[in-house]
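The structure appears below as structure tokens.
Protein chains: 2
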Amino acid sequence: MTAAINQDAQDQLFINARTHNAWQDKPVGADLLQAVWDLTKIGPTSANCSPARIVFVVSDEAKARLKPCLAEGNVEKTMSAPVTVIIGSDQKFYDRLGELFPHTDARPWFAGNAPLISTTAFRNSTLQGAYFMLAARALGLDCGPMSGFDNDAVDGEFFAGTDIKSNFLCSIGYGSGDDFFPRSPRLDFDDACSVL
Amino acid sequence: MTAAINQDAQDQLFINARTHNAWQDKPVGADLLQAVWDLTKIGPTSANCSPARIVFVVSDEAKARLKPCLAEGNVEKTMSAPVTVIIGSDQKFYDRLGELFPHTDARPWFAGNAPLISTTAFRNSTLQGAYFMLAARALGLDCGPMSGFDNDAVDGEFFAGTDIKSNFLCSIGYGSGDDFFPRSPRLDFDDACSVL
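Keeping their order, the protein sequence lines are chains D and P. Counted from 1, the first sequence has number 109 at position 22 by the numbering used here; the numbering is strictly sequential. Counted from 1, the second sequence has number 185 at position 98 by the numbering used here; the numbering is strictly sequential.
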């Protein structure tokens with residue numbers, strides 16, 4: 088039986104973590120981006136299908152491409168973040184299953200089944216997006232996830248000619264601690280859960 | 088600037104965590120289920136919409152209801168788990184936004200927009216499902232997530248007369264350490280990520 092992780096780690100990952108809207112002017116190093124991926128990639132996906140594809144938008148040129156795709160309320164905070172991540176999903180993820188799930192031939196489970204492909208790509212890239220955020224927090228970064236943007240515009244700008252579709256965005260960096268919303272209420276156990 | 092959580096915690100959450108298929112005969116207490124939810128619920132969702140609804144399948148009676156909904160390969164391991172969680176999504180999540188997102192009237196962003204409702208419920212309940220797994224691991228539990236089941240059958244059996252739809256399943260408990268697949272490969276940074 089495994090003990091709980093220490094309280095500081097629980098606080099950092101969950102209890103004290105907030106969605107950040109304002110950022111310190113402090114870059115995120117390439118080594119740290121690699122380290123976040125190296126935790127993210129370990130999280131479980133269905134048949135290890137690992138459909139998430141991640142674009143780290145860092146340069147001014149890349150930010151300028153992202154800017155017109157954003158909902159108006161997300162422009163300023165995104166342009167001022169050191170890094171904004173586009174979490175996408177590879178709709179041809181099943182072509183990689185020979186490498187990723189080597190103990191059986193899982194490609195035929197998906198190939199040709201468009202609804203299952205779409206659902207699997209969306210669910211599992213979203214799981215990986217959540218792992219990404221918790222991995223970033225685990226390594227000392229703050230997160231500001233967003234779904235207020237034009238997915239088709241991002242796909243056209245960043246994923247043209249590929250089988251990748253955008254899922255959601257997440258800025259990462261070091262939050263300034265300014266511009267928080269107050270912590271909003273959450274649903275109680277008895278409201279959201281049942282035990283049968 | 089925040090430091091990384093300690094290596095033991097990183098290992099417990101990510102590096103050493105495995106998908107479990109065999110379980111010790113050891114129950115999971117009600118207090119621990121509550122504690123997992125109390126971490127899960129803090130994780131970010133779009134407009135704090137919090138669509139996940141969770142059914143903890145614990146009793147023999149509830150397991151018997153779940154059994155015919157499972158893919159054949161998932162029956163034995165699920166029936167032997169102390170708890171299997173059904174992660175569902177409330178398709179009427181927007182009716183709770185008055186409580187959950189009190190600083191603005193966000194209900195009209197969603198009401199009547201069926202594609203946005205469906206996408207938001209799916210994406211955000213999946214994020215919460217990932218938070219749930221990492222919260223369970225943080226508190227010393229092992230996880231065995233599954234999407235191999237008949238969603239419509241689960242919805243009919245467990246969510247009839249509600250607006251909740253099943254998303255995925257996850258057994259939780261104390262893994263026996265038997266019956267692991269070998270760790271499958273993951274995609275390298277350069278394969279799954281790009282920096283622009």
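The beta-carbon is built from N, C-alpha and C at its ideal position, and this holds for glycine as well. Please read these numbers as outputs of a predicted model, since none were measured by experiment.
Proximal chain D residues relative to VAL162(P), where beta-carbon distance stays under 7 angstroms: Looking up residue 162(P) in the second sequence gives position 75. Simply none; closest approach about 17 angstroms.
Partners in chain P for LEU120(D), counting only beta-carbon separations shorter than 9 angstroms: In the first sequence, counting from the first residue as 1, residue 120(D) sits at position 33. By Cβ distance, chain P contributes PHE276, CYS280 and VAL282.
Close beta carbons around PRO169(D), own chain, < 6 angstroms, minus the five adjacent residues each side: Translated into the one-based positions of the first sequence, residue 169(D) becomes position 82. Correct list, in chain order: PRO114, VAL115 and GLY260.
Members of the region 255-266 of chain P that neighbour chain D once the beta carbon cut-off is set at 8 angstroms: PHE255 and TYR261
Pair within 8 angstroms by beta-carbon distance, SER258(P) and THR165(P): Indexing the second sequence from 1 puts residue 258(P) at position 171. Indexing the second sequence from 1 puts residue 165(P) at position 78. In this structure, THR165(P) lies closer than 8 angstroms to SER258(P) by Cβ.
Backbone CA spacing between THR106(P) and SER167(P) [nearest angstrom]: Here residue 106(P) corresponds to residue number 19 of the second sequence, with the count starting at 1. Here residue 167(P) corresponds to residue number 80 of the second sequence, with the count starting at 1. One C-alpha to the other measures close to 15 angstroms.
Minimum C-alpha distance to LYS252(D) - residue among SER146(D), PHE209(D) and LEU226(D): Working through the first sequence from its first residue, we reach residue 252(D) at position 165. If we check each option's Cα against that of LYS252(D), PHE209(D) comes out closest.
Close Cβ partners of THR213(P) (< 7 angstroms) along its chain, the five nearest in sequence each way excluded: As a position in the second sequence, residue 213(P) is number 126, starting the count at 1. Excluding sequence neighbours, THR213(P) sits near ASN254.
CYS136(P) to ASP182(P) span [Cα, whole Å]: If you number the second sequence from 1, residue 136(P) lands on position 49. If you number the second sequence from 1, residue 182(P) lands on position 95. Distance between the alpha carbons of CYS136(P) and ASP182(P): 9 angstroms.
8 angstroms Cβ cutoff, PHE143(P) in contact with chain D: What you label residue 143(P) is simply residue 56 of the second sequence in a count that begins at 1. Closer than 8 angstroms to some Cβ of chain D, the Cβ of PHE143(P) qualifies, so yes.
Near-chain P residues of the region 126-137 of chain D - C-beta to any C-beta below 7 angstroms: LEU126, LYS128, ILE129, GLY130, PRO131, SER133, ASN135 and SER137
For SER281(D), the nearest candidate out of ASP265(P), VAL144(P) and GLY199(P) (CA to CA): On the first sequence, position 194 is the one that residue 281(D) refers to. Of the candidates ASP265(P), VAL144(P) and GLY199(P), the one whose C-alpha sits nearest the C-alpha of SER281(D) is VAL144(P).
Near-chain P residues of the region 171-191 of chain D (beta-carbon distance less than 8 angstroms), N- to C-terminal order: ARG183, GLU186, LEU187, PHE188, PRO189 and HIS190
Cβ-based neighbour list, LEU187(D), same chain, cut-off 7 angstroms, excluding 5 preceding and 5 following: Position 100 of the first sequence holds residue 187(D). If we look at LEU187(D) and ignore the five residues flanking it on each side, its Cβ neighbours are ASN135, CYS136 and SER137.
Proximity to PHE245(P) [Cα-Cα], best of ASP277(D), SER146(D), LEU283(D) and GLY262(D): Counting from one through the second sequence, the residue named residue 245(P) turns up at place 158. Checked all of ASP277(D), SER146(D), LEU283(D) and GLY262(D); the closest Cα to PHE245(P) is LEU283(D).
Any chain P beta carbon closer than 8 angstroms to PRO232(D): Locating residue 232(D) in the first sequence gives position 145, counting from the first residue. Taking Cβ atoms only, chain P reaches closer than 8 angstroms to PRO232(D), which makes this a yes.
Backbone CA spacing between LEU221(P) and PHE267(P) [nearest angstrom]: Your numbering for residue 221(P) matches position 134 in the second sequence. Your numbering for residue 267(P) matches position 180 in the second sequence. Between LEU221(P) and PHE267(P), the C-alpha separation is close to 19 angstroms.
Distance CB(ALA90(P))-CB(GLY130(D)) smaller than 8 angstroms: Working through the second sequence from its first residue, we reach residue 90(P) at position 3. Working through the first sequence from its first residue, we reach residue 130(D) at position 43. No; because the gap between Cβ atoms is not below 8 angstroms, this pair is not in contact.
Rounded straight-line distance, which links the Cα of PRO195(P) to that of PRO272(D): On the first sequence, position 185 is the one that residue 272(D) refers to. On the second sequence, position 108 is the one that residue 195(P) refers to. If I take the Cα positions, the gap works out to 19 angstroms.
Short Cβ contact (8 angstroms threshold) for ALA193(D) with LEU184(D): Position 106 of the first sequence, counted from the start, is the residue given in the question as residue 193(D). Position 97 of the first sequence, counted from the start, is the residue given in the question as residue 184(D). Yes, Cβ-Cβ distance for ALA193(D) and LEU184(D) is below 8 angstroms.
CB of THR207(P) within 8 angstroms of CB of PHE197(P), strictly: Here the question's residue 207(P) lines up with position 120 in the second sequence. Here the question's residue 197(P) lines up with position 110 in the second sequence. Taking 8 angstroms as the Cβ cut-off, THR207(P) and PHE197(P) qualify as a contacting pair.
Chain D contact residues for ASN93(P), given Cβ-Cβ distances below 9 angstroms: Against the second sequence, residue 93(P) aligns to sequence position 6. Simply ILE92, ASN93, ASP95 and ALA96.
Length-filtered (3 minimum) beta strand (DSSP E) runs lying within the region 181-251 of chain P: 229-233
ILE273(D) - containing alpha helix (DSSP H), residue span: Here residue 273(D) refers to the residue found at position 186 when the first sequence is read from its first residue. In the sequence as displayed, the identity of residue 273(D) is Arg instead of Ile. Premise fails: ARG273(D) is in no alpha helix (DSSP H) and is neither H nor E.
First through last residue of the beta strand (DSSP E) which encompasses ARG140(D): Working through the first sequence from its first residue, we reach residue 140(D) at position 53. Note, ARG140(D): beta strand (DSSP E), 139-144.
Proximal chain D residues relative to ALA139(P), where beta-carbon distance stays under 7 angstroms: The residue you call residue 139(P) lines up with position 52 of the second sequence. Those are ALA279, listed as they occur along chain D.
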